[in-house]
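Working notes for the structure below.
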Amino acid sequence: MSESQAQPVLDIRGLTVTFSGGAKPVRALDGVDLSLARGEVVALLGESGSGKSVTLRSILRLHPPRTSRVEGRIIVDGTDVMALAGRALEDFRGKTVSMVFQEPMLAMDPVYTVGDQISEAVRQHEALSRKEARNRALDMLTRVRIPDPARRLDAYPHEMSGGMRQRAMIALALASRPKVLLADEPTTALDATVQVQILLLLRELQREFGLSVIFVTHDISVAVEVADRIAVMYAGRIVEAGPIRDVIRTPRHPYTIGLLSTRAAGGRLTGKRLPAIPGSPPDLANLPLGCAFAPRCTFAGDLCRTSPPEPVTLAAGHFARCYRTEETGGRAGAGERAG
Amino acid sequence: MSTATLATETGQPPAAAMAPPALLEVRDLVKHFPMKSGLFGKAKAVVRAVDGVSFDVKAGETLGIVGESGCGKSTTARVIMHLIKPDSGSVRLAGRSPGAGGLTMKAFRSQVQMVFQDSYASLNPRMTVEDSIAYGPAVHGINGSDAVRRARRLLDRVGLDPLRFAGRYPHELSGGQRQRVNIARALALEPRILILDEAVSALDKSVEAQVLNLLLDLKDDIGLTYIFISHDLEVVRFIASRVMVMYLGRVAEIGPTEQLYGGGRHPYTQALLGSMLSMDPDRRTETAPLAGDPPNPINPPPGCRFHTRCRFAEAVCAASVPPLFVRGGDHAVACHMAAPGSGHSQAGAIS
Amino acid sequence: MLKAAPDALDGPIVRSPGYWATVWRRFRRDPVAVGALAMIAIIVLMAILAPWIAPQDPYKGMTLRRLRPPGTDGFPLGTDELGRDMLSRLIYGARLSLFMGVTPVFLALFIGGAIGIAAGYVGGWVNSILMRTMDVFFAFPSVLLAIALSGAMGAGIVNGLISLTVVFIPPIARVAESVTTGVRTLDYVDAARASGGGAISIIRHHVLGNVLGPIFVYAMSLIAVSMILASGLSFLGLGVKPPDPEWGLMLNTLRTALYTQPILCALPGIMIFVTSISFNLLTDGLRSAMDIKA
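Residue numbers (this note's numbering), protein chains in the order written: chain A, 69 to 407; chain B, 206 to 556; chain C, 36 to 329.
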């Protein structure tokens, strides 16, 4: 997928987020660049401390202003998000950009029915009567394939099962027809048979509504199922990004390679040991000089330990932040068997 | 519903009959939780968490237990550990039940240990790592300094430098390190069976792989038997030699890993395995094998628990509970389509 | 992951600071909490050193000198309705007021704590019986209960202590029970049971250490209440009897000065206020310091 001539619907440049709540200031994001074309699905893949959720929250300006400092530029649909305030910011949230969370029980208000919450959200952004808003809510619940949607309009969140709640949350997020959908691990807390249903639903809705989606996950197979492009994050930086096929089949950053070889093993290595990335996830308050992954990297050299690498272009749209991409080329990724 | 002992059922040649009997035998376990309401706590509804579960665990194997919310796998684990008293049924370790036949509960507890999912909640926040590990041996009569030595040796065994970690508190460790401590603590009593209840589920993938490798190393070194409970089908496939699939408090299918993952016989097993996601961007999953959510174990459907969502369901499925039918070798399926003469139009078709 | 040499296991290990050491370190960094602690320390010192720092005898009064305003020669804070030096009475008053505030709470901490922990750990019908009994007492507003008990037993310090202790046992027992029940369901208690630990061993090693902290902090927050209740009892003629100096009692007896020298009336009230606020801030600070998350 070459660089699109059309304007990306979302463009993040140099996003840096520092939290000062604890003993030492923590740099959660360090110069993240990300762009999302219209109708595209980008997966943000990472583990704890990678900064994937922080990125999403920054787009919606959800960080507490007192203890966090956000620098950089975020442009969504032509609007400078960092400059928004007050009413303009409220309009932006939900109408232009909307979010689906991991735990619907925590994200929905327990004392209002699902129908009321969707209606209220819609009326925040559009001048609709109560009846029209309720119809829209019913329409949304039908579109997310909730069984018996008319009855569910008057149900409370706690009366629904996990999968239904997540569908209701998706209905809530899409009710005002946002341009961009941010999905923060929406299927992580769901059972396997339900996860598959929700992923398929999200794919369908994305096509139907022409949504542009950023999908945060820690599970590679989820990324493979939904994404056109993938960005792998580690310690607050994007360490590799590119079209999904390229990154999965020919990963070039040692971290991505490590993740994929662990995952790709599956049943074929039964009885033997998993190829595992040594060491622990990074401590964001005490990051090493140089590349944050170097302490765990089998390819690490002296240069890696002294200065953080800049992105190296590997193919059209595929780059990796690594000094050792020469050595990492030719390693097997998923879908290729090394003997 | 009783079950034929899987290890000796099939009338195989004498050599096989001399195979070691099961290390752990679980028979007809039942555990219901009444939901109390009203002033005096009259039971209004009953959560049938475990409703007739039977299986064997052979010495030296890793039995994987999979299933979704409400299937009862965690409750089963806690009942086996006797942290919860079963309503009925028996658990026998090498042929003896705890509390009878010469096996005290304390002795049973020293032979069957568990690692829980929440690595932080599993450790006393006020105890140092070595004190937490040494607690079990101390309770069993090992004197203080020996218990501490054993604790430090175990820390080393699980890959944590004792000099650096023994005096630490749980909140100072990462999730992976805490889980290693939990494993060390479980091994402190030198058990024969280790139950791992979603022990790696909360860890980052990179750390999960390390802990899985550790578990395999320990198993080889010490000769442990594992019961590995997980919702992650990929991980279970990697680590388990046999897998048991549970649904709504009952066993749906049990058998060697490759036979199940190659194409289980129970419709639920097929649906569950069919929900595993693809790793190939060009061959994405196009249909969801099951619709709806796993139902609640309160007031489950009569007869076969799965019949309300099964596309092969017939009248007999709602009328009677399918027994766990042994197909041959180690593989058993609880489905009317398996047993010939069950009344299902496809009876005998999947055996 | 190679095995270490056996003798390496006996070497000196890195010992992390214990829980209370960490709590103290966190507490130290909170200026408000440290200030409150300092204030309380000053008041306690004042009480202890009363015989040496009080300028006059708190019991000796001269009717000629009654109700002099603060700033009077020889009587920096004025005199009360019997001509006694206010400053000395305030200083000596700290003894009784602190005593009546702290002692009932600590007695209730032991008794109520034991009841609550036992009920919380054992559960079942034992829990129901104990807790419902506590609820019966808890249903009475504390002031009324204190007054009723004191009234029935008669005035006097000991009776006042007893009635205040009884008032505080139920709330402490409730908190102890709920904290213990919460801890009992945690995985590490299950793990201890799975290791073969008996009830006593588990309570001693696993429950107490995790439960005493929150109970203690809750109890400390009751000290301020106890002081005010004790003052109230003295004010009503129960509890401390004249001529003993106690701030609440002083508030009562100085009522007559309200229209002539209102400042005098306010002084004991200010002391009660400052002391209880300090205890409240102290317990807030302790609670934050004890809230150590991973």
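Even glycine gets a Cβ: it sits at the ideal position worked out from N, Cα and C.
Selection from the options that minimises the alpha carbon distance to residue i
i: B/D402; options: B/M481, B/A414, B/H436, B/K236; result: B/H436
i: B/V269; options: B/M319, B/R442, B/S411; result: As written in the sequence, residue 269 of chain B is Gly, which differs from the Val given in the question. For the residues B/M319, B/R442, B/S411, the minimum Cα distance to B/G269 belongs to B/R442.
i: C/D92; options: C/P66, C/D319, C/P280; result: C/P280
i: B/L453; options: B/S279, B/D361, B/P505, B/P226; result: B/P505
i: B/L229; options: B/F238, B/K263, B/V258, B/M332; result: B/K263
i: C/S177; options: C/L316, C/S311, C/M262; result: C/M262
i: A/P379; options: A/R313, A/C359, A/C365; result: A/C359
i: A/E200; options: A/S187, A/R211, A/Q192; result: A/S187
i: B/R488; options: A/A309, A/L352, A/V292; result: A/V292
i: A/L357; options: A/T330, A/E308, A/D351, A/P376; result: A/P376
With 16 other Cβ atoms within 10 Å as the buried cut-off, status of residue i
i: B/A221; result: In this prediction, B/A221 has a pLDDT of 41, which is less than 50 and means its spatial position is unreliable; nothing more can be read from the coordinates.
i: B/E439; result: buried
i: A/A243; result: buried
i: A/S70; result: Any reading at A/S70 must be qualified, since the residue scores a pLDDT of 47, below 50, and its modelled position is unreliable; no value is offered.
i: C/P47; result: exposed
i: A/V182; result: buried
i: B/S293; result: exposed
i: B/M310; result: exposed
i: B/H541; result: buried
i: A/N354; result: exposed
i: A/V77; result: buried
i: C/L321; result: buried
i: C/W87; result: exposed
i: B/Q551; result: exposed
i: B/N348; result: exposed
i: B/S337; result: buried
i: A/L157; result: exposed
i: C/L316; result: buried
i: A/R134; result: exposed
Bounding residues of the alpha helix (DSSP H) (the contiguous stretch that carries residue i)
i: A/Q274; result: 260-277
Residue i vs residue j beta-carbon contact at 8 Å
i: C/M74; j: C/S313; result: yes
i: A/F283; j: A/P322; result: no
i: B/L394; j: B/G341; result: yes
i: B/V271; j: B/I285; result: no
i: B/P494; j: B/A476; result: yes
i: B/V450; j: B/Y473; result: yes
i: C/G136; j: C/A208; result: no
i: A/G99; j: A/G82; result: yes
i: B/Q318; j: C/A229; result: yes
i: B/R558; j: B/P502; result: Coverage of chain B is limited to positions 206 through 556, which leaves residue 558 of chain B absent and any answer about it impossible.
i: A/Q170; j: A/A236; result: no
i: A/D296; j: A/P319; result: no
i: B/G460; j: B/D535; result: yes
i: C/P111; j: C/F203; result: no
i: C/L286; j: C/V275; result: no
i: B/V353; j: C/S236; result: no
i: A/R106; j: A/A74; result: yes
i: B/G497; j: A/P350; result: no
i: C/G96; j: C/P105; result: no
For residue i, the first and last residue of its enclosing beta strand (DSSP E)
i: A/A111; result: 109-113
i: A/E139; result: 136-144
i: B/I400; result: 398-402
Within chain F, the residues that residue i reaches when beta carbons sit closer than 8 Å
i: B/P239; result: In the structure shown, chain F does not exist; the protein chains are A, B and C.
Practice problem: Note down, in chain order, all residues in the region 231-245 of chain C with a beta-carbon under 7 Å from any beta-carbon belonging to chain B. | Solution: G231, G232, S236, H240, H241, G244, N245
Quiz item: Quick one, which residues of the region 206-224 of chain A are near chain B if we go by CB-CB under 8 Å, in chain order?
Solution: P215
Quiz prompt | Within 7 Å of chain C by C-beta, residues of the region 301-320 of chain B in sequence order | solution = K311, R314, S315, Q318, M319
Quiz item: Taking a cut of 9 Å between CB atoms, which residues from the region 491-507 of chain B lie near chain A?
Solution: E491, T492, A493, P494, L495, A496, G497, D498, P499, P500, N501
Practice problem: Note down, in chain order, all residues in the region 247-260 of chain A with a beta-carbon under 7 Å from any beta-carbon belonging to chain B. | Solution: D259, A260
Quiz item: When you check each C-beta in the region 360-386 of chain B against every C-beta of chain C, which residues fall closer than 7 Å?
Solution: D361, G364, P367, L368, R369, A371, G372, R373, Y374, H376, E377
Self-check item: Near-chain B residues of the region 214-232 of chain C (beta-carbon distance less than 9 Å), N- to C-terminal order
Solution: L221, D222, Y223, V224, D225, A226, A227, R228, A229, S230, G231, G232
Self-check item: Interface positions of the region 343-362 of chain B facing chain C (Cβ-Cβ less than 7 Å), listed along the chain
Solution: V344, H345, R354, R357, R358, D361
Quiz prompt | chain B contacts from the region 349-367 of chain A (Cβ-Cβ distance under 9 Å) | solution = P349, D351, R364
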